[in-house]
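Numbering (the UniProt record's numbering), first residue to last: 1 to 126.
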């Protein structure tokens, strides 16, 4: 299971979440599969945006990459075919990617489509 982090920043003295980031161990993603499924469940690590490690090879995940699992609707999927094609355009091997970055508004939209157990948004309550 990837490490799940939420990166936030302070805006008008409020904590505002920006990115939902999945960080993977080596070979944790099977790029020969069409979709990578994960369960967005707590606990999450909460980090300030300035703590984001830019040295890790990452890829942005678009709303169009996100999929709901028809067999297990609790899981969120990422279309690896789409992601792989985007990464290869930059001469990066998909297997070198160690992080997926999903904007909080996008992940919140997908969570609204999940069964009741998941009807929560990524709001920081600390």
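In this text, a Cβ means the ideal position worked out from N, Cα and C, and glycines have one as well.
Small disclaimer: the values here were computed from a predicted structure and weren't measured.
Exercise for the section: Confirm, please, whether the CB-CB distance from residue 76 to residue 110 is below 8 Å. Expected result: yes
Exercise for the section: Given a cut-off of 8 Å, decide if residue 80 and residue 34 are closer than it, judged by their beta-carbon atoms. Expected result: yes
Handout entry: CB-CB length for residue 19 against residue 103, believed under 8 Å
Key = 6 Å
Handout entry: Three-state secondary structure (DSSP) of residue 56
Key = coil
Problem - The beta strand (DSSP E) enclosing residue 28, as first and last residue numbers - result: Taken as a continuous stretch (DSSP letters only), residue 28 belongs to no beta strand (DSSP E), as it is neither H nor E.
Handout entry: Closest Cα partner of residue 115 within the set 108, 73, 96, 92
Key = 73
Exercise for the section: Find the nearest neighbour of residue 52 within the set 23, 95, 107, 15, judged by alpha-carbon distance. Expected result: 23
Handout entry: Residue environment, residue 17, which counts as buried when at least 16 other CB atoms sit within 10 Å
Key = buried
Handout entry: Own chain, CB closer than 7 Å to residue 39, minus 5 neighbours either side, in chain order
Key = These residues qualify, in order along the chain: 74, 75.
Exercise for the section: Output the distance between the C-alpha atoms of residue 5 and residue 50, rounded to the nearest integer angstrom. Expected result: When rounded, the distance between both Cα atoms is 13 Å.
Handout entry: Pick from 90, 94, 13, 21 that is closest to residue 47, judged by C-alpha positions
Key = Of the listed residues, the one whose Cα sits closest to residue 47 is 21.
Practice task
Could you check what DSSP says for residue 105 in three-state terms: helix, strand or coil?
Solution key: helix
Problem - Burial state of residue 93, where buried means 16 or more other Cβ atoms lie within 10 Å - result: exposed
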